[in-house]
Each structure stands twice: as structure tokens, then as C-alpha cells.
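Data block below; observations after.
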Amino acid sequence: MSTASAPRGAGQVRIIGGRWRGTKLAVPDRPGLRPSSDRVRETVFNWLMPALPGARVLDLFAGTGALGLEALSRGAAHATLVERDPGLAVALRDVSGRLDAAATVIAQDALTWLAGQDARFDLVFLDPPFAEGLWERALAALVPRLAADAWVYVEAPAGTVPAVPPEWALHREGQTRDVRYALYRTPGAQAAGTLRPDDSPATTA
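Written as C-alpha cells, this is what we have:
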């Protein structure tokens, strides 16, 4: 969950699949808080479906937790939700407790937290505050924290393509009017799991 212009009428998002399907997550009144849209999340989780069972997930700029909690709803084993805003972190702990979710909420700056970690993750959601330009720093910090064959989801403003490590393989990408979203796989992935030249990237309006 990054921060950019909030969609008109923002106030809640919902978990769209899995055991908690339909659960509503509050979008607190924070300047610029922007949840990933339902349409984008539905597309991304369709891509990720085979990878979710048992996955160790990191939602690095968690916001409402919509990405990390969606992953848990669909079968991930555990999610670490990192959010520096104290109020949002409290809300994440509250909803995780209500759902009895296998989630750990970290109320800390994402890059500071990453620097002190030795855990490894199978799936990472990277949707940082757009205005802060954190993609390259966050991607570099993530590399030592990724399991072999890990998946990394990256969301950025439309037309922006953050520079990922050259050895990562693009699996799928899409774009809306406001955002570009892409799913990458780290070294060790099977070639059949990457985007073939004759495949068409997904696009939503």
C-alpha cells in the first residue's frame, strides 16, 4: 500500500478471495493513503495462486494490510506486515487479532527494519509511498531477505518502471490509468514460469 492521491470515496477495502472473502478493512483518514484497487489485487492474486499455499509473506509498506492479509486469506502460512505509521500499525494488529491471522505487525520504518533482519521470504509486496522514491533502496535491501524462487510484487506510478536486479525474471505486468504493477521471480525460477515473448501483459483500465 503506497501513498499517492486517494481514490474518490475511499474509506474501506475488502479482502476479495479465500477464507476471509468479503472482510472489510478500514482505510483511515491519512493524507494520500492509497490502497491497491480491488481489480489490481484480483489480477495479481490470480497470478500468484499456485505460489500462495504455505508461503512466508512480507508486506513491506503495509498500510491497511490488504495485500498481506489477502495472501493469508488465500493460504499463505505467515505474513509480516511492516508499517511505520503508529495508528495504522494499531489498526493492523486489531484486524489481525479479529481474524486470528498468522501475522506479525512491525511498527517501524521498513528500510530500518530490513537492515536488522535475517529471515527469508517467499513472497514480498513492495508498494512504497510514491512520493518518496524508495523502490531502488527497498529492492536492494530485499535481495538478502529473499528465498530461492521468491516472488516480488512491485507497484509504482503508471509509466514508472523501477530498476529491479537484472537477474530477476518478469512474470507478468499490467497497468491502469494510475499505476503500473508487476510480478517478478528471483533466481532459481523455472523458465516456464516467466513471461514468454508472445504473452500479452495484463492491463486494466
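The sequence shown begins at 10 in the working numbering and counts up one residue at a time.
For each residue, glycine too, the CB sits at the ideal point set by N, CA and C.
Computed from a prediction, not measured in an experiment: that's the story for all the values here.
Going by the DSSP bridge assignment, what does His87 pair with across the sheet? Arg65
Does Gly72 pass the burial test, meaning 16 or more other C-beta atoms within 10 Å, or should it be called exposed? buried
Burial state of Glu92 (16 or more Cβ within 10 Å): buried
Mind checking Val170: buried by the 16 CB within 10 Å criterion, or exposed? Exposed: under 16 other Cβ atoms inside 10 Å.
Separation of Gly20 from Leu61, as counted between CA atoms: 28 Å
Here's the rule I'm using: 16 or more other beta-carbon atoms within 10 Å means buried, otherwise exposed. How should Glu51 be labelled? exposed
List the DSSP bridge partners of Trp122. Partner(s): none; Trp122 has no beta bridge.
Cα separation between Ile25 and Gly31? 6 Å
Between Ala110 and the rest of its own chain, which residues show a CB-CB distance below 6 Å, the 5 nearest in sequence each way excluded? Answer for Ala110: Leu81, listed in chain order.
List the DSSP bridge partners of Gly183. Tyr190
Cβ atoms of Val161 and Tyr193: under 8 Å apart, would you say? yes
Can we count Arg194 as close to the ligand NAP, meaning its CB is less than 7 Å from some heavy atom? Ligands in the displayed structure: none, and consequently the ligand NAP is not present.
Alpha-carbon spacing of Lys33 relative to Ala147, whole angstroms: 29 Å
With DSSP as the reference, identify every bridge partner of Arg146, one or two as the case may be. Listed as beta-bridge partners of Arg146 by DSSP are no residues whatsoever.
Measuring alpha carbon to alpha carbon, tell me which of Arg23, Phe54, Ser45, Asp68 ends up nearest Leu123. Asp68
Write down the C-beta distance between Ala156 and Phe130 rounded to the nearest angstrom, noting that I regard them as a contact closer than 8 Å. 6 Å
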